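All remarks here apply to the structure that follows.
See the structure below:
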């Protein structure tokens with residue numbers, strides 16, 4: 003997430019004029035370019051980015067987590083998905099056209115460019131911030147229409163951004179085996195085993211969370227994400243680590259990485275400045291044998307990918323680090339469970355507090371979010387939030403990724419639905435939970451919608467499915483009850499969750515979009531978060547983080563084995579919002595069993611921490627329904 | 003479907019020796035090739051093929067509808083899907099290795115080739131029978147591993163097949179507006195409108211059902227499929243039709259196509275011999291202007307696709323004909339409904355007959371299939387079957403696409419489950435229906451499995467979903483009840499169905515495989531056919547053909563509108579096989595309403611046709627369940 007922006011539009015006329023001038027300036031590219039693409043990522047294709055990388059926000063005003071801007075001589079257009087339609091339309095001035103992705107009538111970026119560009123146009127993009135697979139698709143589409151996609155080495159937004167912030171370089175934190183379960187040395191060995199299985203000689207890691215996971219290191223370069231700017235290139239006998247070298251003066255980090263006394267030569271880490279990855283990779287590629295193969299994620303930057311000659315390049319949709327990281331080991335699972343219990347303690351106290359304070363009329367979206375953060379910060383090993391808290395009342399709840407700001411800040415009352423989607427980073431795990439509550443009397447329609455969302459949440463959470471099933475096959479379970487009444491929500495149902503890492507991670511998820519997700523496996527952790535949004539009125543979302551676990555149904559067809567989910571999030575779901583008549587007996591049983599577990603597990607911790615009021619609230623909120 | 007083959011393996015040692023010799027023969031390719039791929043399609047990528055095109059069957063013995071053989075110097079391997087695992091293993095001798103597609107441990111054809119081939123190998127394939135998209139994927143994978151994919155113009159199977167049959171050339175039948183709803187002239191006009199919308203100057207049609215649909219003509223070149231061998235190239239002012247010219251001597255066909263007196267010059271059809279499509283397309287391409295674009299399906303043959311220079315070629319996953327054909331017009335829907343009522347009449351009579359005859363011990367799988375065909379043939383406008391009847395008792399039911407043969411023919415008894423999957427071509431429509439019955443007392447396990455399959459069938463059939471939903475998002479609904487008990491089936495849930503055309507057609511379907519299916523639209527017709535197969539014991543499948551229709555749920559989120567299905571198949575589902583205690587009230591209501599409709603609609607027609615015994619059976623089988 004980028005800066006603290008208003009919900010009123012940014013004035014962009016002058017900026018766009020300067021950008022269009024830069025597009026014609028031969029200093030940046032030998033010929034004028036007719037369109038410039040501004041993706042939202044950084045050089046690591048991070049979802050959340052550091053302030054210095056918030057170029058798409060800088061040029062347009064739109065600060066949602068996903069979006070691509072394209073500026074031509076005549077037009078400025080922004081593609082974003084259903085979560086951000088409302089927000090983007092409020093943050094951008096009328097120089098910008100909003101392109102609503104996922105709607106049938108919305109053209110793709112390629113089709114739109116082809117429809118607006120004059121013949122033989124040049125379309126520019128910074129090759130460091132466009133992923134190789136996106137470059138390829140865009141390149142093909144434009145070529146087939148007679149245009150060309152060209153890499154512009156100097157970023158043109160930076161050229162019109164005089165006070166652009168510095169790239170952060172925060173202190174590194176090393177994690178011991180008690181948190182990670184596996185040493186970085188063993189992770190390197192496992193990676194090399196995968197490489198030799200596939201006859202791969204080099205592996206280039208570019209994703210920040212993969213590098214943090216591999217070395218059991220964390221940083222704080224990007225808000226909410228405990229990662230640090232780095233690259234790594236692993237060969238069968240060497241490890242090259244590219245990072246701001248100042249960060250390695252910390253003795254604990256030197257010791258952790260065995261920089262001064264490597265245990266084995268093949269586990270000796272060579273360190274290089276962050277910026278030298280390009281030239282080092284060039285040097286490695288210049289020395290490749292005819293059969294040498296280099297693994298790089300197809301979502302890595304186009305700039306770095308193209309350093310590797312095509313005959314040696316083996317692009318992969320998910321790296322072995324991404325796959326290994328997704329399946330949590332026993333230590334990580336234990337840590338995630340502990341983190342979720344602490345998180346639930348904080349939220350129980352928070353909701354008990356809200357219940358008492360809201361009628362006094364002094365609680366706002368911002369003060370509520372602050373209170374939730376304060377209560378979380380009292381828990382052991384708290385590091386920070388895992389994403390900006392979505393604390394939204396009434397109509398704000400319908401802005402799917404709303405973030406309260408001073409000028410939009412609304413007071414919580416007993417008359418409106420309150421939705422809070424929040425999470426934290428603890429050293430032992432990452433949390434992400436959404437609850438939708440009413441502190442007065444919800445309307446029949448609000449209860450009806452809440453109940454359909456609950457039915458969808460339960461349908462996924464309680465689903466039993468064969469080993470090898472991909473998450474996207476479960477997405478419709480979350481929607482069936484809404485669909486039956488003609489309702490739906492315009493976002494996916496779940497995402498992978500890291501362990502003291504990014505709150506969104508691949509390669510698994512639950513979505514109607516059939517991205518190349520990997521099959522669900524025991525040990526993976528995803529969110530289950532269906533919703534319903536009534537524009538201008540209210541928003542409902544119910545989110546638990548759930549662990550994939552083996553299931554033991556009656557039969558075992560072809561010995562494939564079955565899986566199901568175990569909720570890690572243990573925060574009561576407000577019974578007052580349910581129309582229990584719409585629930586089946588099975589669904590009522592699920593709610594009661596879930597609440598029983600919340601009371602047992604979180605209740606014990608509340609007791610231990612002496613949080614009496616929150617415990618009373620928990621016990622009251624987890625009474626069985628009939 | 004190809005010839006009538008035994009379920010005992012074909013002896014292939016000598017044939018493979020000859021093929022491997024041909025692979026080394028410079029007469030066919032300038033250098034020896036190390037592997038030869040034998041896809042199952044013809045030059046039109048038809049699913050069902052004429053005997054002259056049954057090359058994969060000829061070389062291997064395996065005659066299922068889907069499969070790809072690859073022969074190397076050392077190995078012979080066959081890839082097929084879950085429907086055919088058992089059948090393929092029975093029909094192939096031990097020269098062949100079965101590659102079970104869809105299982106995690108099964109390598110892809112590319113990966114397998116790379117693992118077995120010596121360095122720098124040449125892999126040959128007939129470019130006419132490999133689709134362009136398959137060629138491209140295989141080409142890429144092999145190239146990246148240092149091998150090459152090469153087109154072998156003479157088919158090497160034909161080279162070792164002395165008594166290969168002739169290509170058929172049956173009589174053409176023209177269909178009037180009362181069957182088609184739209185004249186071929188209007189279809190051409192609509193096609194040209196799509197072309198000019200996308201700035202396309204030529205369209206090459208290669209799929210036989212698309213050409214039959216476009217011209218409102220039918221043939222009988224391929225058993226069960228009322229199509230004929232032809233190509234068509236449509237420009238903005240010209241129509242080129244490639245077909246065995248002898249077939250155009252029929253005056254009714256000449257009149258229908260206005261060959262002797264075209265109404266307008268742009269609707270004048272130029273006719274050419276079937277074989278001249280290659281040279282004509284070359285001539286067209288030689289005269290293309292710099293901006294001219296040619297549409298061709300990415301599943302068209304590699305040979306024809308590569309005639310079009312890459313800069314002019316616009317490959318599309320589904321042609322505008324395919325999309326237009328999928329959405330049935332009111333005349334076609336009416337025809338399909340009539341065809342299904344007639345089909346139900348025949349099946350009611352068939353089941354009543356079975357009930358009476360089975361206890362006498364004289365009914366076999368083959369005689370039952372013959373009886374069903376005989377009864378269907380008594381119905382008005384009957385043309386033939388739409389696919390080979392799957393008539394299977396007990397353990398044969400677990401062979402998903404079983405076809406009874408004299409040496410496997412089993413007698414129907416009151417002790418085993420009977421599964422019949424069958425359908426017919428009528429001039430007004432195509433049918434495809436599966437029922438699973440027991441004529442004695444089914445076991446508790448058989449009933450339990452049947453009931454899960456029924457629950458899945460109902461979950462799809464009764465689903466309400468938003469406009470724009472793709473069929474693959476509904477697939478898990480069909481499996482949820484089976485999954486919950488640890489069961490599953492290894493095939494998709496539904497396929498598009500043509501109107502007096504192929505019983506399997508694109509671009510929509512319901513499958514866990516996320517092929518690029520097009521969103522479901524009102525007017526599309528698909529099958530809904532979940533199953534359960536207990537190897538060596540019994541098979542269960544329940545299939546209705548269903549029409550996509552608008553639904554009117556309580557709400558209408560973002561004015562998207564909703565869809566649901568209306569069953570066209572109206573044949574009772576055997577109540578004796580149900581464990582009604584496992585059904586919810588909603589499911590029982592669905593069964594009762596379905597049976598009420600069967601009784602009302604099919605009952606009236608049985609009455610009209612004076613088929614008293616079948617009517618009595620229908621009335622008894624459609625009593626409401628409680």
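Chains as they are written, first to last, in my numbering: chain A, 3 to 628; chain B, 3 to 628. Glycine residues also receive a C-beta, built at the ideal position from the N, C-alpha and C atoms. None of the values given here were measured: they were computed from a predicted structure.
Against chain A, does residue 106 of chain B count as a neighbour if the rule is that its beta carbon must be under 8 angstroms from one of theirs? yes
So, does the CB of residue 454 of chain A fall closer than 8 angstroms to a CB anywhere in chain B? no
Where the beta strand (DSSP E) through residue 543 of chain B begins and ends: 540 to 543
Can you tell which of A:32, A:208, A:342, A:197 has its C-alpha closest to the C-alpha of residue 384 of chain A? A:342
Quick one: does residue 310 of chain B have its CB under 8 angstroms from some CB of chain A? Chain A, which has no Cβ nearer than 8 angstroms to the Cβ of residue 310 of chain B, makes this no.
Which chain A residues sit within Cβ distance under 9 angstroms of residue 555 of chain B? 485, 486, 487, 488, 489
Where do the ends of the alpha helix (DSSP H) carrying residue 304 of chain A lie? That run of the alpha helix (DSSP H) goes 304 to 307.
Apart from the five residues on each side of it in sequence, which residues of its chain come closer than 7 angstroms, Cβ to Cβ, to residue 183 of chain B? 331, 332, 333, 334
Could you say if the stretch 121 to 134 of chain B and the stretch 26 to 36 of chain B meet the contact criterion of at least three C-beta pairs nearer than 8 angstroms? yes
Between the beta-carbon of residue 454 of chain B and the beta-carbon of residue 439 of chain B, is there less than 8 angstroms? No, the Cβ-Cβ distance between residue 454 of chain B and residue 439 of chain B is not below 8 angstroms.
I want to see whether chain A comes within less than 8 angstroms of residue 630 of chain B, judged by CB atoms only; does it? In the structure as shown, chain B starts at 3 and stops at 628, and residue 630 of chain B therefore has no counterpart that could be examined.
Determine the closest residue to residue 536 of chain A out of A:17, A:88, A:557, with distance taken between C-alpha atoms. A:88
Chain A contact residues for residue 468 of chain B, given Cβ-Cβ distances below 7 angstroms: 485, 490
Counting pairs of beta carbons, one from the stretch 364 to 384 of chain A and one from the stretch 406 to 414 of chain A, are three or more of them closer than 8 angstroms? By the criterion of at least three beta-carbon pairs nearer than 8 angstroms, the stretch 364 to 384 of chain A is in contact with the stretch 406 to 414 of chain A.
Can you have a look at residue 239 of chain A and say buried or exposed, based on whether 16 or more other CB atoms are within 10 angstroms of its CB? exposed
Step through the CB atoms of chain A and report whether any lies within less than 8 angstroms of the CB of residue 559 of chain B. With respect to chain A, the C-beta atom of residue 559 of chain B has a partner C-beta closer than 8 angstroms.
Note the first and the last residue of the continuous alpha helix (DSSP H) segment covering residue 629 of chain A. In the structure displayed, chain A extends from 3 to 628; residue 629 of chain A sits before or after that span and is not available.
Spatial neighbours of residue 5 of chain A in its chain, beta-carbon cut-off 8 angstroms, leaving aside the 5 residues before and after: Confidence at residue 5 of chain A is low in this model, with a pLDDT of 41, below 50, so its placement is unreliable and no value can be given for it.
So, using beta-carbon positions, are residue 307 of chain B and residue 134 of chain B closer together than 8 angstroms? yes
Evaluate contact between the stretch 220 to 234 of chain B and the stretch 508 to 522 of chain B, counting only Cβ atoms and requiring at least three cross-stretch pairs below 8 angstroms. no
So if I threshold CB-CB distances at 7 angstroms, which residues from the stretch 560 to 588 of chain B count as touching chain A? For the stretch 560 to 588 of chain B, which is checked against every Cβ of chain A, the residues closer than 7 angstroms are 564.
Mind checking residue 220 of chain B: buried by the 16 CB within 10 Å criterion, or exposed? buried
Just the C-alpha distance for residue 481 of chain B and residue 470 of chain A, rounded to the nearest angstrom, thanks. Approximately 14 angstroms between the Cα atoms of the pair.
Would you say residue 336 of chain B reaches chain D, if we count a Cβ-Cβ gap shorter than 8 angstroms as a contact? No chain D is part of this structure, whose protein chains are labelled A and B.
Taking C-beta to C-beta, are residue 389 of chain B and residue 297 of chain B nearer than 8 angstroms? Not closer than 8 angstroms, so no.
Should residue 45 of chain A and residue 130 of chain A be called a contact, given that it needs their Cβ atoms to be closer than 8 angstroms? Going by C-beta atoms, residue 45 of chain A is nearer than 8 angstroms to residue 130 of chain A.
Return the CA-CA distance between residue 3 of chain B and residue 215 of chain B, expressed in angstroms with no decimal places. The pLDDT assigned to residue 3 of chain B is 36, lower than 50, so where the model puts this residue is not dependable; a value taken from the coordinates is nonetheless given after this. When rounded, the separation of the alpha-carbon atoms in residue 3 of chain B and residue 215 of chain B is 21 angstroms.
Using the C-alpha atoms, what's the distance from residue 139 of chain A back to residue 179 of chain B? 44 angstroms
DSSP three-state label for residue 28 of chain B, please. coil
Candidates B:623, B:248, B:401: closest to residue 274 of chain B by CA position: It is B:248 whose Cα lies nearest to the Cα of residue 274 of chain B.
Please work out which residues of its chain come closer than 7 angstroms, Cβ to Cβ, to residue 608 of chain A, disregarding the five sequence neighbours upstream and downstream, and give them in chain order. 347, 350, 616, 617, 620
Alpha carbon to alpha carbon, how far is residue 571 of chain A from residue 81 of chain B? Roughly 44 angstroms between the two C-alpha positions.
Which residues in the same chain have their Cβ closer than 6 angstroms to the Cβ of residue 245 of chain B, if we skip the five residues on either side of it in sequence? In the same chain as residue 245 of chain B, and ignoring 5 residues on each side of it, the C-beta atoms closer than 6 angstroms to its own belong to 232, 276, in chain order.
Neighbourhood of residue 22 of chain A by C-beta distance below 8 angstroms, restricted to the same chain and skipping five residues each side: Counting only Cβ-Cβ distances below 8 angstroms, and skipping sequence neighbours, we find 73, 75.
If you draw a straight line from the C-alpha of residue 397 of chain B to the C-alpha of residue 462 of chain A, how long is it? 35 angstroms
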